[in-house]
Amino acid sequence: MSMDKTFDAASAEARISAEWDRINAFAAGANAKPGAETFSVLMPPPNVTGSLHIGHALDNTLPDILVRWHRMRGFDVLWQPGQDHAGIATQMVVERRMAERQEPGRREIGRDAFVEKVWQWKQESGDTIVNQLRRLGTSCDWSRNAFTMSGAPGAPEGQGGNFHDAVLRVFVDLYNKAIIYRGKRLVNWDPHFETAISDLEVENREVPGHMWHFKYPLAGGETYEYVERDADGNITLRETRDYISIATTRPETMLGDGAVAVHPDDARYAPIVGKLCEIPVGPKEHRRLIPIITDDYPDPDFGSGAVKITGAHDFNDYGVATRNNIPLYALMDTKGAMREDGLSYAESAAIASRAAQGEDVGDVSNVNLVPDHLRGLDRFEARTQVIADITGEGLAVTDAEGAPVVENKKIMQPFGDRSGVVIEPMLTNQWFVDTARIVGPALDAVRDGRTQILPDQHRKVYEHWLENIEPWTISRQLWWGHQIPVWYGLDLESRGFTDDEGDGALDEVELFALLSDGLVQRGDYHHAAASFDEVAERFRDDIAGLPQPLEIARVIEVADRDAAIEAFSRGLADYNLSQDPTKLVYPVWRDPDVLDTWFSSGLWPIGTLGWPDATAEMRKYFPTDVLVTGFDIIFFWVARMMMMQLEVVGDVPFHTVYVHGLVRDEKGAKMSKSKGNVIDPLTLVDEYGADALRFTLTSMAAMGRDPKLGPKHVEANRNFVTKIWNATRFAEMNGVRGGGDRPNPRHTVNRWIIGEVARATAATDEALQGFRFNEAASGLYAFVWGKVCDWYVEFAKPLFDSEHAEETRATMGWVLDQCYTLLHPIMPFVTEELWSLTGDRDSMLIHADWPEFGRDVIDEDADRQMNWVIQLIENIRSARAQMGVPAGARLDLIVTEADAPARAALAANAPLIERLARVNPPQEGKGGNGMLAVSAGGASFALPIGDVIDVAAETARLEKNAAKTSKDADGLRKRLDNPRFVENADFEVIEETRQKLADLDQDLARIHAALAQLKAM
RNA sequence: GGGCGGUUAGCUCAGCUGGUAGAGCGCUUCGUUUACACCGAAGAUGUCGGGGGUUCGAAUCCCUCACCGCCCA
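The letter at position 273 of the first sequence is residue 273 when you use UniProt numbering, and the numbering goes up by one with no holes.
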């Protein structure tokens, strides 16, 4: 059998993958020694919509290295894979596809049909990313592949998992602890997807914008003395004004202003605080007045110092409004267009006026302050119109020439990270996690080291974020996701309804009162439970206290609140007619919203292990060991997993979080589709093989740095694959076979390389232990290429023709086995292939034993000797090359001087030196005319290159060497001459320095001797 | 504005707890000697961003400035 000249990655990868699958090589616990410690790792679940990008390749290569390494060491390993259902992203993809096929939209086909379509789509393309990950050699237990929507309604038959149960259970638990609550809050609203999103899903970007300046006239034409002063208190402007000047970047929100606020210390506006001013937009006859209030929020130095307060459309204003009891007037609908619903403008303005006078007007959600001509307009069209209206009326602040003041300036604007549209702060009912209540343990765990975040800089980021955590909006107005397990019921007892006679029975009058009292106006009850049956129980308990016969009303489920009112009314009417109490129903309806995807992925550690069931996996593999992920999801995912696992099961989800950088292109630019610099990992795999890509990513994974990846790097590492392939090919041609035990050879070369293997092993273990992936990779590269291929293989060539042939074959076979083993976690395919080609093995390499011998197998003498040999060969080669000796010429090697160790090294390794330095067997003699002078520790040599030696060139070469040596020696001498160095430095350092100096001095003496000889000629 | 990180060979980057610089790619010269030209041999290139400090000794620790990047307001 003879090997090809290169490794055929494409065909071998598929074959080897199939073989691993056949023996279930990746299964949890595979290759575990009896009673082994466990090592478990979670895959950061990629979006099920997604396809593999280079970040995934890194996310999975690094943990795969740790996993393979532990598996070979006999740990009981679980490498848990799975995918995330990715609410918005997936819904977006499916909707887009429906549109492309000109199918009816999701609202037309309805929720159930749409969700079914998403499941269908997931069935068709959900495996894409799994198959792509497999091509990288990711050795997860695919039989356990999890999905964050598993077990949810509509999930196809035959798919395991109960993620849905876990999610609902946690929701209900947190709801019952009141850690999850419902509230009407200002949230980030995505007008494209028409859903709330969390603040993490908002990207704030600086974009060119405008700042408009408008006059808000004082009510009743009042005037005041407006005075501006400079820093020293000198008056710079004094004028009589009948308005207050307001700057805004969003004029359309003026319609919803509830007040104008100034800083309490701002003397300019002190005269008008407490007065009313007019919003300069809207129909003249209903021009609204709003109060001028004080609050600490306005910055007197920014703009005019006066700020309009639109509590329902700005987060800062929201704070001011709630502090000062200013109504929150909503202006927009879910699409970001100006509202058309609610009361007429006239009615609305009237209510707002009463509010401005200080009257409590109650719930203002029905108040629509959008003037008729603006209703239905998109928010940006409305802006244009508002500006035109105000300017037309002469209420824009103008410059000296009378032109309206409009500043062009950069403004920070929020964008949806998925939709890319401008996010609108919106006042809506949403569900929140009161993160402040569960954040403590997550902070403590990192502070006390139960979970370690590497590198350290990310720990700080994590802590800072958690210390300033905001409530987490977890409801999403989407259809694809875990529907919130909350049902609402009508509030029949809190207000209005009374049992007049106190007889515990409901008479017709009371029934009528119940209906006419306006159920619509009332608040709702809600309960959370994992199913309708359970929640019905809760509602039955609630209504048990109602007068009869209502207390026996059947709890039924209806679509929504309107349906509930209708069903309830019909029930009452039927009862009224028939006096049959079974006609009475208590309808409840389920919250239509779904949970934020991250709520479910936050449960990834326990959800994938079968929780809430007390599974064997849960007992065995939780808490997990290492999580490898990107810094971009520390908040989204890592922090939330920490909080949720600690709250739900009282333990940290993992001991170590290794945060890797962002893979950039070779110029350091972020990869993005719009820039067109995205590198497809599979293209690289096709071209160079998975091993080369894995090795490249690994060698660039320096902690705390962003890897910069270009095809050149991958090519270089593909060459490395070829290198070890060919070293094996050479071995095979010389009858070397693997599979043997560690030999105990006699020849120095063989003893030396065994020590080098031990060094490489220890270095690899240390690097991986410390998550210094790049050091593991570069150390192995240097060892395999620099030591094994460059030197050992070359040394072995003459040995194969010597009495040491047999032990050299054994040693080389063993050394290569160690190379395959050590490289396997990083380059699994080529090493597995070589393993199978080179010996009869008990197991595949993936289940072979990781080397366990220590540095004690290093033979220091052999080490010294071989380093001397290498030095001599290099010096001879260098001298030859510099003097232009033809590469093929074989020179005599004359030993002019040698101490005992040098003599011994020479004697033991002469054939190697002869071959690699292209010299004849060494002989004693004297240097002389026409000879090159070369030295190595403790010995001097002369190499005759004929009578025609260029004395000048050789002198120059030696002088150059002398200068360098002498410079180095002087540096060391200066240090040693410094008494403070000798006093302060470590003993070892001083000794080492002395030794180095002695060596250099000796070298220098030899060079000078050679120079003297040259001159004598 | 606050925080974090970066600035080392022509390019892309290593350099862990201070002992005086390395790799890959590229470049120059030579080479097809019993694996490998996806190769081998030899070689050139660095006041380690500027300035200051601590130290016997600083790319490494501290301060400061400049520029670049990221995160959060």
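The C-beta atom is built at its ideal place from N, Cα and C for all residues, glycine as well.
Thr748 and Ile870 have their C-alpha atoms some 13 Å from each other. Straight-line spacing of the CA atoms in Ala917 and Lys5 works out to 27 Å. Nearest C-alpha to Pro414 among Gln132, Asn204 and Val714: Asn204. Beta-bridge annotation (DSSP): Gln923 is paired with Ile894. Its chain contains Phe147 and Ser150 as the residues whose beta carbon lies nearer than 8 Å to that of Gln159, once the 5 sequence neighbours on both sides are disregarded; these appear in chain order. Contact annotation: Ile474 and Asp596 have beta-carbon atoms nearer than 8 Å. Note on Met412: under 16 other CB atoms within 10 angstroms of its CB, so exposed under the neighbour-count rule.
For Asn429, the uninterrupted beta strand (DSSP E) run begins and ends at Glu424 to Val433, by DSSP. Close CB contacts of Pro798 within its chain, under the 7 Å cut and outside five residues either way in sequence, are with Pro911, Leu912 and Arg915 (chain order).
Closest by C-alpha distance to Tyr462, out of Arg476, Leu58, Ala445 and Trp472, is Ala445. Only buried fits Ile16, as 16 or more other CB atoms lie within 10 angstroms of its CB. Here the stretch 872–891 does not lie against the stretch 753–765, with fewer than 3 beta-carbon pairs under 8 Å apart. By alpha-carbon distance to Ala889, the top candidate from Asn920, Val788 and Ala900 is Asn920. For Leu200, same chain residues with a beta-carbon under 7 Å away, outside a window of 5 residues either side, are Phe635 and Phe636 in chain order. For Arg729, same chain residues with a beta-carbon under 6 Å away, outside a window of 5 residues either side, are Met3 in chain order. With a threshold of 16 other beta carbon atoms within 10 Å, Gly779 meets it and is buried. Each residue's CA atom was taken as its position, placing Ile552 and Ala529 some 21 Å apart. For Gly630, DSSP records a beta bridge to His660. Shown here, Lys409 sits in a strand according to DSSP, grouped into three states.
Asn188 is bridged by DSSP to Ile197 and Pro425. By the beta-carbon neighbour count (other beta carbons within 10 angstroms, threshold 16), Pro34 is exposed.
Taking C-alpha positions only, Gly937 is separated from Arg705 by approximately 41 Å. For the stretch 974–998, the continuous alpha helix (DSSP H) assignments of 4+ residues that do not extend past its boundaries occur at 979–984, in sequence order. The C-alpha of Ala337 lies about 11 Å from the C-alpha of Arg383.
By the Cβ-count criterion, Lys787 is buried, with 16 or more other Cβ atoms from all chains shown falling within 10 Å of its own Cβ.
With at least 16 other beta carbons inside 10 angstroms of its own, Thr138 counts as buried. For the stretch 438–473, the continuous beta strand (DSSP E) assignments of 3+ residues that do not extend past its boundaries occur at 452–454, in sequence order.
For Met92, the enclosing alpha helix (DSSP H) begins and ends at Gly87 to Glu100.
A straight-line Cα-Cα distance of about 7 Å links Glu833 and Ala12. Between Ile724 and Ile65, the C-beta spacing is not below 8 Å.
When DSSP states are grouped into helix, strand and coil, Asn316 belongs to the helix group. Between the C-alpha atoms of Ala905 and Ser935 there is a straight-line separation of about 14 Å. The continuous beta strand (DSSP E) containing Lys215 extends over residues Val202 to Pro217.
Across the set His804, Glu756 and Thr896, the C-alpha of Glu756 shows the shortest separation from the C-alpha of Asp859. Pairing Phe171 with Ile180 gives a Cβ-Cβ distance under 8 Å.
Rounded to the nearest angstrom, the Cβ distance from Val397 to Ser245 is 5 Å, consistent with a contact under 8 Å.
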